[in-house]
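Shown next, in structure tokens, is the structure this report addresses.
Numbering (UniProt numbering), first residue to last: 1 to 258.
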């Protein structure tokens, strides 16, 4: 599905990303986070964090060969930490082992392949009983949503109970899955109408009977990637400055009702 967007625009994004790689790395140092449980199949859900371009890799490869058990979450590290320390239900926390490099198109494609493989592994190994919670920032957000577009019920679509993304370069304004207050412009590589239609199928029935999205895409005004704002210190700081508290509360709520 990712091929439906302009690779020319992705090349421009890759160049811009490479230009600020040091800034991103400096702002994305990720402490190791201990998983609340050591066996994903013993958990209510597996949290998979997907870091943005240039953020540090994790360590301790998991049995699947697709994820790290420690670190590697980038700017969704706080969300990973919240999940690993909460006491309401057992959560297994890991991060996607993919390049997150400035070779954007190749890196995203590798990330999607890895994340699809990891979801399939959890589905097979845990007998379809363990839910999946996703979170990604920047390139990681693109990987998460491209993966959701590609999934089917047979490959684990129904296991994904929530997906929180921040600063998605493929953001499109006005979508039902956008977080309240998100930006009114489109990102630097807007997602296609066909892809957006698929993403709108990720819904659940809330306690009040309303149908709500399992996706929450947060994009701040002035973000250079998800709002195509001019690249400068301010727009980079906005892109690397997301607070995950609201997303954590939303994600917990969706998981509790799953």
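Note that CB positions come from ideal geometry on N, CA and C, so glycine has one too.
For clarity, every value in this text was computed on a predicted model and none was experimentally measured.
By alpha-carbon distance to residue 153, the top candidate from 46, 42 and 198 is 198.
Judged by DSSP secondary structure, residue 71 falls within the beta strand (DSSP E) whose first and last residues are 67-71.
For the pair residue 164 and residue 251, the CB atoms are nearer than the 8 Å cut-off. Cβ atoms of residue 133 and residue 45 come within 8 Å of each other, at about 5 Å. Straight-line spacing of the CA atoms in residue 104 and residue 183 works out to 23 Å. Boundaries of the alpha helix (DSSP H) around residue 254: 245-256.
If you draw a straight line from the Cα of residue 207 to the Cα of residue 257, it is about 8 Å long.
The three-state secondary structure of residue 202, taken from DSSP, is coil. Secondary structure at residue 212: strand, using DSSP grouped into helix, strand and coil. If you look at residue 140, you'll find it in the alpha helix (DSSP H) that goes 139-150. In the DSSP assignment, residue 96 falls within the unbroken beta strand (DSSP E) covering 91-96.
With a cut-off of 8 Å on Cβ pairs, the stretch 189-205 is in contact with the stretch 166-179, counting three or more such pairs.
The beta carbon of residue 60 lies closer than 7 Å to those of 68, 69 and 70 in the same chain, with the five residues before and after it left out. Listed in chain order, the non-local C-beta contacts of residue 185 below 7 Å within the same chain comprise 173, 227 and 228, local neighbours out to five positions each way being set aside.
In the DSSP assignment, residue 111 falls within the alpha helix (DSSP H) that extends over 104-125. Cβ contact annotation for residue 162 (same chain, cutoff 6 Å, sequence separation greater than five): 133, 214, 251 and 254, in chain order. Taking C-beta separations shorter than 6 Å and ignoring five residues to either side along the sequence, the partners of residue 89 in its chain run 44, following chain order. Within the model, the alpha-carbon separation for residue 109 versus residue 209 is close to 37 Å.
Pairing residue 216 with residue 74, the inter-Cα distance amounts to about 18 Å. Residue 122 and residue 235 have their alpha carbons spaced roughly 37 Å apart.
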